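Residue numbering for the sequence shown follows full-length UniProt numbering, starting at 1 and increasing by one per position.
The beta carbon of each residue, even a glycine, is placed where N, CA and C say it ideally should be.
From a predicted model like this one, the values you see are computed outputs, not experimental measurements.
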Amino acid sequence: MRTLTCLPLEILFHVHLYALSEFLPIITKHFYASFANATTSHKAEYIALRHEQPHTITRALLYPICTPRVLEALLKISNPSATHPPTLPKRFFHNLHARRPPEGWTSDTHPLPLLRVLYTTWRIPSPDANAHHALQHAVNAQFEDLVEFLLAHGADPRRSSGRPVSIAIMRKDLKMVRLLCERRDDPKESVKYVGKGKKRRLEDRIKPELDIGFLKLAVSCGARDIAQYFVDKGVVPDIATLKLLQGGSSV
């Protein structure tokens, strides 16, 4: 008796697009391997047929099969102008730590290529709007490139009482603290000049001198280089913090 498993792959893929079954690819190990290796265009067409506009892309991003290549193929067969700006899914950020160090990523699983396609196609709200704590997860994973991308697209390290900065302090990561607090020159932004061609220094995202809490946390964590950074930034320690500072090496 002939069954689905006897069908040539080309016909099997046609059946899949007709039935739009999410269970067909996992019926057998053979099916799973076959659909995992399906063409990019097949995966894009399957997603497009399952989800109508204007939420096609938001729904598509929930699929692990929606890699940068699949997304680009999906954009070719759909109309981005008729699609609402997508909402970033939790899956982009909640497993970052498990995939570190960088060799844990592949071209299909690394979040940045997919994010770049999304942000160059739509005017997506800042990452904070999704309430997935994207910046916090990226900081906790010490994923500097992703942190830079999120900051460049509006993520605010001051949210949640400066939780991203607190995470960086607790990880004793001075480089990350500086990245979160200070703005870097961006060639895409208009640069302001003062006087005879002198570039105006960009204002910090966070002004540590307005919140002694970061200095206290750095001291309590034993992150003395970070404590020194905040002192240099103009944070004035209170008496209790000053005693802690003087109790160890001078800051």
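Considering Cα atoms alone, identify which of THR109, LEU180 and LYS233 is closest to ALA152. Ranked by Cα distance from ALA152, the options THR109, LEU180 and LYS233 are led by LEU180.
Report back the beta-carbon spacing between PRO89 and LEU71 to the nearest angstrom; my notes put them in contact at under 8 angstroms. For PRO89 against LEU71, the beta-carbon gap comes to about 12 angstroms, at or over 8 angstroms, which does not count as contact.
Please look up how many angstroms separate the CB atoms of THR121 and LEU75, rounded, as I've assumed it's under 8 angstroms. Their Cβ separation, rounded to whole angstroms, is 7 angstroms, which keeps THR121 and LEU75 in contact under 8 angstroms.
I'd like to know if the segment 132 to 140 and the segment 161 to 168 are in contact, where contact means that at least 3 CB-CB pairs between them fall below 8 angstroms. Under the Cβ criterion (8 angstroms, minimum of three pairs), the segment 132 to 140 counts as touching the segment 161 to 168.
If you drop the 5 nearest sequence neighbours on each side, which residues of the same chain put their C-beta closer than 6 angstroms to that of residue 254? The shown model of the chain, from 1 to 251, leaves out residue 254, and the question about it has no answer.
Classify TYR63 as helix, strand or coil using the three-state DSSP reduction. Looking at TYR63 - three-state DSSP - the assignment turns out to be coil, as it is neither helix nor strand.
Terminal residues of the alpha helix (DSSP H) in which ARG69 lies: First-last of the alpha helix (DSSP H) with ARG69: 68 to 77.
Can you tell me whether ALA155 is buried or exposed, with buried defined as 16 or more other CB within 10 angstroms of its CB? Burial call: buried.
For a test of the three-state rule: what should DSSP assign to ARG178, helix, strand or coil? Secondary structure of ARG178 (DSSP, three-state): helix.
Let me make sure I understand the geometry here. Which of THR241, ILE65 and VAL236 has the alpha-carbon closest to that of CYS221? Relative to the Cα of CYS221, the nearest Cα in the group THR241, ILE65 and VAL236 belongs to THR241.
Note down, in chain order, each residue of its chain lying with its Cβ closer than 6 angstroms to the Cβ of PRO113, except the 5 sequence neighbours on either side. Within the same chain, PRO113 has close Cβ partners PRO68.
Note down, in chain order, each residue of its chain lying with its Cβ closer than 7 angstroms to the Cβ of ARG123, except the 5 sequence neighbours on either side. Within the same chain, and ignoring the five residues on either side of ARG123 in sequence, the residues whose Cβ sits closer than 7 angstroms to its Cβ are PRO85.
Can ILE206 and VAL235 be called in contact, C-beta distance under 8 angstroms? The answer is no: Cβ separation not under 8 angstroms.
Closest by CA to ALA227, which one among PHE93, SER34 and LEU174? Here the closest residue by C-alpha is LEU174.
Taking a contact to mean a Cβ-Cβ separation below 8 angstroms, would you say ILE11 touches LYS43 in this structure? The answer is no: Cβ separation not under 8 angstroms.
My output table needs one value for SER34: the three-state DSSP class, helix, strand or coil. DSSP places SER34 in helix when its eight states are reduced to three.
In angstroms, rounded to a whole number, what distance separates the CA positions of GLU45 and SER81? Rounded to whole angstroms, GLU45 to SER81 spans 18 angstroms at the Cα level.
Taking THR83 and THR106 to be in contact with their CB atoms under 8 angstroms, please state how far apart those CB atoms are, rounded to whole angstroms. In fact, because the Cβ distance is near 27 angstroms, the residues do not count as touching under 8 angstroms.
Check PHE214 in the structure and name its three-state DSSP category. PHE214: helix per DSSP, three-state reduction.
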